[in-house]
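> Protein chains in written order, with the numbering used here: chain C, 1 to 425; chain D, 1001 to 1895; chain X, 2001 to 2154.
For each residue, glycine too, the CB sits at the ideal point set by N, CA and C.
Sharing a structure with you now.
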Amino acid sequence: MAETPLTQRIRPDGEPPGIAEYERTGGYQAVRKALRDMTSAAVIEEVKQSNLRGRGGAGFPTGMKWSFVPMGPEPPQPKYLVCNADEMEPGTFKDRVLLEGDPHELIEGMILASYAIQASVGYIFLRDEYRLAARRIEKALDEARAKNYLGVNILGTGYNLEIYLHLSAGRYICGEETALLNALEGKRANPRAKPPFPQISGLWGKPTIVQNVETLCNIPHIINNGAAWFRGLSRSKDGGTKLYGASGNVNRPGIWELPMGTSLREILEEHAGGMLDGYRFRGVIPGGASTDFLVEEHLDIAMDFDSVQRAGSRLGTGTMIVLDDRTCPVGMVLNLEHFFAQESCGWCTPCREGLPWIEKMLTAIEEGRGTLQDLEILQQQCLLLGPGLTFCALAPGAVEPLQSALKYFRSDFERHVSDGRCPWR
Amino acid sequence: MATIYIDNKPYEVNPDDNLLQACLSLGFNIPYFCWHPAMGSVGACRQCAVKQFKDENDTKGKIIMACMTPAADGTRISIDDPEAKTFRASVIEWLMLNHPHDCPVCDEGGECHLQDMTVMTGHAYRRTRFRKRTYRNQDLGPFINHEMNRCIQCYRCVRYYRDYAGGRDLNVFSVHDHVYFGRAHDGTLENEFSGNLVEVCPTGVFTDKTLARHYTRKWDLQDAPSICIHCGVGCNTSPRARYGMLRRIVNRFHFDINGYFLCDRGRFGYEFVNSERRIGSIRPSVPQRQVIEDIASVIKNGRKVIGIGSPRASLEANFALRMLVGADRFFSGVRAEESLPVAKVAELLRRSPCPIASVHDIEVSDAVLVLGEDLINTAPRLALAVRQSVRRKSMETAARMNIPAWHDYAVRTLAQDERSPLVIATPYETALDEIASESYRGAPEDLARLGYAIACAIDPQAPRVEGLGREEAELAERIAGILKGANRPAVIFGTGCRNAALIEAGANVALALARTHPDPERVRLALTVPECNSAGLALMEAKDLDAAFEAARSGADAIIVLENDLYRRSAVQQVDEFLRAARTVVLDSLENETTAKAETILPAGTFAESEGTLVNSEGRAQRYFKVMPPRQGVLESWRWLREIAIAAGRLNEDSWRSLDAVIAAIEAELPQFQEISKAAPAASFRIAGQKIPRQLHRYSGRTAMMADITVHEPAPPRDPDSALAFSMEGYQGPPPAGLASFFWAPGWNSYQAVNKYQSEIGGPLRGGPAGSRLGEGKRTDDISYSSRIPEPFRSRDGKVFVVPAFRIFGSEELSMHAPGIAARAEKPFLEVNPSDAEKLGISAEQEVALTFGAVSRSLAIRMNPSLPPGVAALPAGLPESAGIPVPAWARITGR
Amino acid sequence: MLKPEEQQEIERELERYRDRRALCIEGLKIVQKHRGWISDEALADLGEFLGMTVEEIDGVATFYNLIYRRPVGRHVILVCDSVSCWIRGYEGLRDYLRSKLGLAMGETTPDNRFTLLPIVCLGACGSAPAMMVDNDLHVNLDPEKIDRILENYK
Ligand SMILES: Cc1cc2nc3c(=O)[nH]c(=O)nc-3n(C[C@H](O)[C@H](O)[C@H](O)COP(=O)(O)O)c2cc1C
Ligand code: SF4
Ligand code: FES
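Rendered as structure tokens:
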């Protein structure tokens, strides 16, 4: 059996370990080790060496991100660490497993990350619908406070840290890290322009690191076992394991912790158990709603950041949505674009106006009112909403499934137009 | 300077700019919406896309937003790149998906930035067949029309209204393509600068409701450079007229004064020009020659004629009256309460311990002390500048972090609510207190004492204030510390409290700073005055109205009142008595109580129908020009007076044929006005032998507009007084700043065309002069400290000391004849401290009688806990309070 | 005026944030918890408490989808309409709920028992289709299961 550090304590009944059990199984050892024996710089260095890349979707090297935070003798104060637990990307349900199954692991990771950048306040930005997770996190935070893993002079080391849980009021854009900061400040969650990056000017203008749940959960294990061990977990250049997931008409939809770089085929066939009876595989969105479709020919790629990129998509969140032959690809893309259009924050023109237009054209096509010009315009919109052209990454993500659907399932779109109806209805 | 490459050609630009500013400054056309020169960049609209290349070998490049990218040395961009062009056209296509095709019925049509940008990007063909979204509009009060369907979501309105002007009742609601800009509910926009939304909005969402009542397209309006006459700041405006009716006021950019923004009184007060109370002919009706001969005969016979000047009339008109009646019988027309402090201000305009601040100087000050002024009501545009001054600190913080000043939200995020110091010492709480770092409340004497104490705390050589309380002494030390520590400190004071000691105290602070500051040239003082030409009139050094009353008592044969309603200046009995003393001739444009008492009324042109010079609170002489010729029978005041003077033999036929001759006479006689001829180009000024047209080259219907009267096209009216023509013919290029009234350039029909007239984006207009600083606003070395420190304020039993409380909507005479302004004016209350009310046994809303000596008024009470005990505030200049010579002690009796 | 409990709950949050303004979202949620939804009046009360104008709070309130600016029933049904649930039969489920309750999306039953709303992905894609009723997540839904579930919410 391969090692599954992230999910090792998650029990089949879903009850999370309390702090006693968490400690008994090696929990908070990394905090003791780091706060007592390691400098912040050493923690950052270890994480850098581990090749850990962010699990929130963009895959930015975590240690490098931390190293941009101003340190020195008189850094701006306070600094903040924010855990991004907004998880609202359709098809993505991996962070919930960790949040509900082992909240202490996240808290420990947050303490370590905070220590690394010398943050004194941490926030867990949790989507409101995760009520069970909220209860469990609050309880775990109380336990950690009672044991002085949080609070003043943690474990007598002189380091202070408070972590608070913030429940969002709901909007996908809050997951975008700078929009998230505005939401935390009690404002409308429009993203902020970068630069300046949050590491320099983040929450309330202070240095801030925003990190995904899964990313943070890896930190205790890296500190306990070392960067080399972590790199060794992976089948690819990127370190560690990854929570992969699958949904759609497969036999065993779910989430699995597997070595980073496990092949798409292995995940879908072995872990998800292949397609349901009577359904044939047509394609897969590999990493949450905002990634490009992959198809049959890609099944043997390794699911790591660079390999998926080379195949023309993105690893994203590593949770895949499977398209089968009894589901209309146009309908599926319409569902996705409806989501993105509705979740646009309304700040920049291309996203605010372009996505609803796309949705209208797709609706027309799906309902048999589409034209070939619509297809042409859709194709153009995919380029016009691309990276760098919009204010944040929402819109570029939104057009990824569309552009790849137009590429791989073009004939299905054309049939909708020529038949004047959806062949699946 | 930095070198950047635009489509492979090198250009020198300011590295502190972003690429959009830099390119526009160079004259390139790049479309934009969300960026605004006064508000910086936020990158929302994505319209200003250009292609950037890493180096000369990079042929692929990447599209960036010009407004969000620094114009750093070595930057290589392409504006003409096909991908960038496609993207820019697409942005318009997106915006047009929902934009109504209502240009023909839209008030913005013809001056619409969205129209301009649409044409600029080349987007012309509609490819969508889907329904447009629609919104419900709101009633936003008397000034602003709201048509949300036209919105292109550039977020400029909320950024201007909230971030720039400090308004809190306009916002963006909802999300995605439902975002809505407005108020939570229908209702009047509360901010005093709401009118700028009309120009800030790049399309027709927020339009001028007053214009809509007598709508005319921009290109059909005749305009002229003008100066706002509704307060002493002297904002530059562009009034616009058609068919002899004034139809709107548009901001006229002046770098040092109003920049891009006017206050609502200035923008919407103009409708008095069209008022039903305008005086259109001589009253009682006699032929013009006869009336002139008649008045002249009184003067000719060498009898005693009293001339009453006016702080709302031009220098030329006042000077003409002075010439007619003789300097010793020319009076300023304001009572001592006002003329004494104004004289103090005038003295400072001539001899100041430090340079006099322009409005722009205040914007860039990093510590401001406001002494005794409720700025939003006494000098509104200056208050808006103070709002910007408190942002200096965040700019400095941002600069330290290498965040450029134009990166608006980044600066705001980094700095949060960090503010530069602002100290407000006034009798009662003011709108600016919410951003003040220190506030102090006191009676005018105590404010003056605080000022003296601050001066002494800055420079021990300044006279000490004896008997100061400990708290005040500490406060003075703190404020002194703040001002001394500032790089560009400024003190603002003036006539708001009608207290001369306060002005001397303010001058002491400025002097103390100038003497101790490492760079005295950086110290500024800014002044306020009551009316548009208060400063000019004061510089004429006429005796005050009290002296005129005195003179009348010793006998007079005639009184000539120039544009002045004396019943606003003094108590009814006094004015009645004065006007009864002799035959009264009044020159004015609107009926008022004084004209009602006059034997003869001569109809005078308003600012819109006359030329003249005004001196603002900064000592800047500025010329305003006729927008339209006066109606038959109406003359500019100075012309009436000239005619009378000729008839009386005081002037010969040939003199003063044009305004320039009057100006020359003023300069010759009064050295303090030496520079006023430089305020604007003379009437003889020509470019390529041509005058500057008052009408756009697209002015339409010229040959038909009089067709109901005559089918012959009348010759355009002659204008001997200016280099402007009542015509669309003339020099078509950009005129010098003092003569520029509309901004237009090929492809730029909206107000944004001002970009093309500026030396650099946001900078001064090209080709001055636009006004002339009398005495250059420089500092004088040999000024010494004043030591006339007043005694501390002591309350008196059974009485309150009533200070004037000015109101932006209500206190100014002429604007109150504009229906919109009148609608915004609040019912006046006498405001008292609750402890005084308790002592006097009166309660809120109760009607009381307020007795000043012989004068008595009845008013309702409102509690104002911010007032010091013993001090009450009376809204000034409203019908209910006009004529009460405050400040003064008064007795309050309940009813 | 906010109720004392509401005030206390909001005040308690203050230590977690830098300033009062940041309490706006927490405040909205606390008031919503007490009153079910955010009426104009509630908005004004909260504004007064936090020193914000109605425009300032409503600008925030209308941005987020879990702040209800219109009345909702005693129980709010949030049906996930995102991609995995859609693939697994969201549309049929939605239609079932609509006809069972006699509601269009966004409406409330006349007896004020249920409000039916769509919601974006609930993070239950592995057990799609899913919905939430009040605080509880329900997964692997079919019409029968829905019938049983709704019985528990009176
Ligand atoms: C529209 C949008 C939504 C996002 N939502 C999430 C999210 O729900 N959770 C998350 O961890 N990251 C999300 N991200 C990515 C974050 O912006 C950010 O990159 C991430 O939290 C960084 O953490 P990591 O480096 O640990 O991955 C989103 C990004 C975008 C553009
Ligand atoms: S792409 Fe633009 S409108 Fe869309 S979410 Fe990002 S900033 Fe908002
Ligand atoms: S002007 Fe540059 S993005 Fe709007």
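Report all residues from its chain with a CB closer than 7 Å to the CB of X:L2141; omit the five preceding and five following residues, and keep chain order.
So the list reads L2093, P2129, A2130 and M2131, once near-sequence residues are dropped.
> So with CB distances below 7 Å, who are the chain X contacts of C:W204?
The contacting residues are R2018.
> Please report how far the alpha carbon of D:A1548 lies from the alpha carbon of D:A1500, in whole angstroms.
So the alpha carbons of these two residues sit roughly 21 Å apart.
> May I ask which residues mark the beginning and end of the alpha helix (DSSP H) holding C:F339?
C:F339 -> alpha helix (DSSP H) spans P329 to E343.
> Quick one: is the Cβ of D:R1032 within less than 6 Å of any heavy atom of ligand 3?
Checking the sequence shown, residue 1032 of chain D turns out to be Tyr, not Arg. Result yes, Cβ under 6 Å from ligand 3.
> Applying the 10 Å Cβ sphere with the 16-neighbour rule, what's the burial state of D:R1524?
Buried, because 16 or more other Cβ atoms sit within 10 Å of the Cβ of D:R1524.
> Between C:E198 and ligand 2, is the CB less than 6 Å from at least one heavy atom?
In the sequence as displayed, the identity of residue 198 of chain C is Pro instead of Glu. Not under cutoff, so the answer is no.
> Report yes or no: do the stretch 1316-1328 of chain D and the stretch 1352-1364 of chain D share at least 3 C-beta pairs separated by less than 8 Å?
Touching, no, given that fewer than three Cβ pairs across the two stretches are closer than 8 Å.
> Keeping to the same chain, check which residues put their C-beta closer than 8 Å to that of D:L1635; ignore five residues upstream and five downstream.
If we look at D:L1635 and ignore the five residues flanking it on each side, its Cβ neighbours are L1602, P1603, A1604, G1605 and E1643.
> Quick one: is the Cβ of D:G1494 within less than 6 Å of any heavy atom of ligand 5?
Summarising the ligand content, the structure contains ligand 1, ligand 2 and ligand 3 and does not contain ligand 5.
> Under a three-way DSSP split, which group does D:C1201 fall into?
D:C1201 falls in the coil class under three-state DSSP.
> Using a beta-carbon distance below 7 Å, is D:S1174 in contact with chain X?
Yes, D:S1174 lies at the interface with chain X (some Cβ there is under 7 Å from its Cβ).
> Consider the C-beta atom of D:Q1052 and the heavy atoms of ligand 3; say whether any pair is separated by less than 6 Å.
D:Q1052: no, Cβ never under 6 Å from ligand 3.
> What does X:E2056 touch in chain D if you count any residue whose Cβ is under 7 Å from its own?
Under the 7 Å cutoff, chain D gives R1168 and N1171.
> Quick one: what's got a C-beta closer than 7 Å to D:S1786's C-beta in the same chain, skipping five residues either side?
Around D:S1786: E1504, A1507 and N1508.
> With the cut-off set at 7 Å, would you say D:A1680 and D:S1617 are in Cβ contact?
No.
> Does the beta carbon of D:A1399 sit closer than 7 Å to a beta carbon anywhere in chain A?
Checking the listed chains, one finds no chain A in this structure; the protein chains it contains are C, D and X.
> Quick one: which unbroken beta strand (DSSP E) runs of 3-plus residues sit fully inside the stretch 149-192 of chain C? Chain order, please.
Runs found: 162-167.
> If you count every other CB in all the chains shown that lies within 10 Å of the CB of X:K2003, and 16 or more means buried, which is it?
With fewer than 16 Cβ atoms within 10 Å of its Cβ, X:K2003 is classed as exposed.
> Is C:A395 close to ligand 2? I mean its beta-carbon at under 6 Å from any heavy atom of the ligand.
Checking every heavy atom of ligand 2 against the Cβ of C:A395, one is found closer than 6 Å.
> Quick check on D:Y1452: does DSSP put it in helix, strand or coil?
Looking at D:Y1452 - three-state DSSP - the assignment turns out to be helix.
> Excluding the 5 residues flanking D:E1190 on each side, which residues of the same chain have their C-beta closer than 6 Å to its C-beta?
Contacts found: D1169.
> Under three-state DSSP, which class holds D:K1132?
DSSP places D:K1132 in coil when its eight states are reduced to three.
> With DSSP run on the structure shown, which of helix, strand or coil describes D:N1755?
Reduced to three states, the DSSP call for D:N1755 is helix.
> Distance, Cα to Cα, C:V284 vs D:G1195?
Roughly 54 Å between the two C-alpha positions.
> Just to confirm my understanding: we take D:Y1135, look at its own chain, exclude 5 residues before and 5 after, and list those with CB closer than 7 Å. What are they?
Correct list, in chain order: M1148, N1149 and Y1180.
> What do you get for D:R1322, buried or exposed, if any count of 16 or more other CB atoms within 10 angstroms of its CB means buried?
D:R1322 is buried by the Cβ-count criterion.
> Tell me, which residues are paired with C:N84 by DSSP?
Answer is C:F125 and C:N212.
> Counting pairs of Cβ atoms below 8 Å between the stretch 298-314 of chain C and the stretch 232-250 of chain C, do you hit three or more?
Contact between the stretch 298-314 of chain C and the stretch 232-250 of chain C is present, because at least three Cβ pairs lie under 8 Å.
> Specify, as a first and last residue, the run of the alpha helix (DSSP H) that C:E257 falls within.
Run containing C:E257: none in the alpha helix (DSSP H); it sits in the beta strand (DSSP E), G254 to P259.
> So, helix, strand or coil for C:K206, using DSSP?
Coil.
> Going by CA-CA distance only, name the one from D:P1142, D:R1265 and D:V1200 that's closest to D:I1808.
With distances taken between Cα atoms, D:I1808 lies closest to D:R1265.
> Which residues bound the beta strand (DSSP E) around D:D1366?
Where D:D1366 is concerned, there is no enclosing beta strand (DSSP E), given that its DSSP letter is neither H nor E.
> Assuming D:I1030 and D:Q1052 form a contact by the criterion Cβ under 8 Å, report the distance between their Cβ atoms to the nearest whole angstrom.
About 13 Å separates the two Cβ atoms, so there is no contact after all.
> Can you give me, in chain order, the residues of the stretch 2063-2096 of chain X that have a beta carbon less than 8 Å from any beta carbon in chain C?
Within the stretch 2063-2096 of chain X, the residues whose Cβ lies closer than 8 Å to some Cβ of chain C are F2063, Y2064, N2065, L2066, I2067, L2078, D2081, S2082, V2083, S2084, W2086, I2087 and R2088, listed in chain order.
> Ignore the nearest five residues each way along the sequence and tell me which others in D:A1002's own chain have a CB closer than 8 Å to its CB.
Closer than 8 Å at the Cβ level, and outside the excluded window around D:A1002, lie E1012, V1013, N1014, P1015, A1071, A1072, D1073, G1074 and T1075.
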